[in-house]
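Residue numbers (the numbering used here): 3 to 366. Heads up, the beta-carbon is just placed ideally off N, CA and C, and yes, glycines get one too.
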Amino acid sequence: FVYRVGFDVGMQIIIVIVVVFAGVFEVDVSNWSPFMPNGFKAVVTGSTVVFFAYVGFDAVANSAEEAKNPQRDLPIGILGSLLACVILYVAVCLVITGMLPYTLLGEDAPLAEAFSAKGLKFVTVLISIGAVAGLTTTLLVGLYVQSRLYLGLGRDGLLPSIFSKVHPTLHTPLHSQIWVGCVAAVLAGLFNVHALSHILSVGTLTGYSVVSACVITLRWSDKATNSRSLGKISIWQEGVFCLVIVALCGFIAGISYRFSYSIAFIIIAFLIATVGSFSLLYRQVYVPVDPPRFSCPGVPMVPIVSVFFNMFLFAQLHEEAWYRFVILSLIAVGVYAGYGQYNAVPSTSDHSSVAYHGVPSEAP
3 FVYRVGFDVG MQIIIVIVVV FAGVFEVDVS NWSPFMPNGF KAVVTGSTVV
53 FFAYVGFDAV ANSAEEAKNP QRDLPIGILG SLLACVILYV AVCLVITGML
103 PYTLLGEDAP LAEAFSAKGL KFVTVLISIG AVAGLTTTLL VGLYVQSRLY
153 LGLGRDGLLP SIFSKVHPTL HTPLHSQIWV GCVAAVLAGL FNVHALSHIL
203 SVGTLTGYSV VSACVITLRW SDKATNSRSL GKISIWQEGV FCLVIVALCG
253 FIAGISYRFS YSIAFIIIAF LIATVGSFSL LYRQVYVPVD PPRFSCPGVP
303 MVPIVSVFFN MFLFAQLHEE AWYRFVILSL IAVGVYAGYG QYNAVPSTSD
353 HSSVAYHGVP SEAP
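Structure follows, in C-alpha cells:
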C-alpha cells in the first residue's frame, strides 16, 4: 500500500511539474488582466467550495499511530506536504489561466482544454495519466484514513467494538475498511460531484474547527482554582462559552460579508470575538506541554483564529450545504446520545501525558 501510494504521488508530482514547465512558455500575461474579474468575494466563495482539496493533510495526522517517530515526522509531513501542494496548486492555476482566458476554460477538463488549444496534444496524455493516478491515490488514502478514524472511535467506545477489531494476519481494521468502502460507494452513486464537494467542504471546515477547539480545551488545567469562576459558572464552562461565541462571531461576520450587509456587523462580530479570545487567553490556565513533543504552537491564539476563519468560510457555502450539515450533525448526536455516551471508555490518564503510540520496531 505504502509503495503503491508513494509511486502514484511521485508520478503525479512529476507530471504536474512537466505540465507547468510545458505551459509556462505559452502564457500570455494579458489573460491575467483583470486578475480577479469577479472580485475578491468570488475568490472567498471559491476557496470555500474547494476547501475539501486540503482534506488529505489530516491523513498525515490520522496516521500518527503508524509512524515510527510521530513527534518529528508529523510536523515535517503536514507542513512539507502543505507547502508543496500550495506551490503546485498556484503554479498550475497561473499557467492554465495564462494560456487561455478563464472564460474559455470548461469545468470538466480545463487543463486538457488549455493544452489542446495550444496544440500540445502530448501533454493532454500526461494529464490523463496523472488524473487516473490522482483519483486512485485519493480513493486509497481516503479509505485508509477513514478506516483509522473508525478504529479510534471503536477503541474509545463511541462506536461498536467491531470497528476496533484488527485482522490477525493483515494487522488492519478490516471491518472498518469494509464499512467505509460501502458508505463511499453509496454516496458516490447517489450524489453528483457538485453536491459531494459541498458536503465535504462542510465536513472539513466543521471538523477542523472542532479539532482547533479541542486543542484549546485539552490544554486547560483541571486544577484551576474556583476563585477564577464567575458565580455559578465554572471556569471550564466559561471557556466553552467563549469558544462558541468566537465560532458564532465568525459565522455572523461571514454572513455579513457574503450578503454585503453593513460593515458595522463585521466589526461588531470581530470585536466580540476579540473579547472572547482575550478571555480564553487570560482567564484560562493552560498546561505546558512537558516533555516537548508534537503540539500546536501559539495556543490558544492559533486555534482561535482557525475557528473564527473556518466559520467565516463556512458561511460562504450554499444553503443546501447547511441543511445537510444539520442533518448529519443530528445523526452524529443521535449516535452519541444513543450509544456513545453509555459505552465510552473513560480516560485513566492525565491529558498532559497523552502521547502517540509508536510502531513496534519488529512490526512488518
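Coil, strand or helix - residue i by DSSP
i	result
Thr227	Per-residue confidence for Thr227 stands at a pLDDT of 48, beneath the threshold of 50, marking its modelled position as unreliable; no derived number is given.
Tyr263	coil
Asp10	helix
Ala93	helix
His320	coil
Leu250	helix
Val57	helix
His173	coil
Met101	helix
Ala346	coil
Cys298	coil
Ser35	coil
Boundaries of the alpha helix (DSSP H) in which residue i is found, first to last residue
i	result
Asn71	Unbroken run through Asn71: none, as it is neither H nor E.
Met313	303-316
Phe117	112-119
Asp60	60-64
Thr47	41-51
Selection from the options that minimises the alpha carbon distance to residue i
i	options	result
Phe54	Tyr338, Leu198, Ala266, Ala249	Leu198
Cys298	Asn71, Leu250, Ser214, Glu240	Ser214
Thr219	Ser178, Ser65, Met303	Met303
Phe253	Ala266, Ala271, Cys244	Ala271
Thr50	Ala323, Ser331, Tyr341, Val335	Ala323
Gly278	Gly209, Val246, Ser35, Ser264	Val246
Glu109	Ser203, Gly12, Val195	Val195
Pro305	Phe124, Ala187, Pro103, Tyr210	Tyr210
Tyr91	Val212, Leu113, Asp75, Gln73	Leu113
Asp75	Ala61, Val88, His320	Ala61
Tyr301	Phe280, Phe316, Asn312, Leu319	Going by the sequence as given, residue 301 is Val instead of Tyr. Considering only alpha carbons, the answer is Phe280.
Ile201	Gln73, Leu282, Leu330, Leu176	Leu330
Leu250	Val307, Ile237, Arg221, Thr206	Val307
Leu155	Ser178, Ala93, Val127, Leu332	Ser178
Pro175	Leu153, Arg157, Ile269	Leu153
Tyr56	Tyr263, Arg260, Asn345, Thr206	Thr206
Ser262	Asn312, Gly41, Leu273, Glu240	Gly41
Phe165	Pro39, Phe37, Leu151	Leu151
Phe243	Tyr259, Ala275, Phe327	Ala275
Ser32	Phe310, Ile98, Val20, Val52	Ile98
His169	Trp238, Leu161, Ile180	Ile180
Sheet register partners of residue i (DSSP bridge)
i	result
Ile164	Looking at the DSSP assignment, Ile164 forms no beta bridge with any residue, so it has no partner.
Tyr2	Only positions 3 to 366 of the chain appear in this structure, which leaves residue 2 out of reach.
Ile329	According to DSSP, Ile329 bridges with nothing at all.
Tyr288	Trp222
Ile19	None; Ile19 has no bridge partner.
Ile78	According to DSSP, which records beta bridges pairwise, Ile78 is partnered with nothing at all.
heavy atom of the ligand FMN below 7 Å from residue i C-beta
i	result
Tyr338	The ligand FMN is absent from the structure shown, which contains no ligands of any kind.
TODO: For the stretch 189-229, list the alpha helix (DSSP H) runs that are entirely contained and at least 4 residues long, ordered along the chain.
DONE: 195-221
TODO: Go through the stretch 122-168 residue by residue and report every complete run of the alpha helix (DSSP H) that reaches 4 residues or more, in order.
DONE: 123-157
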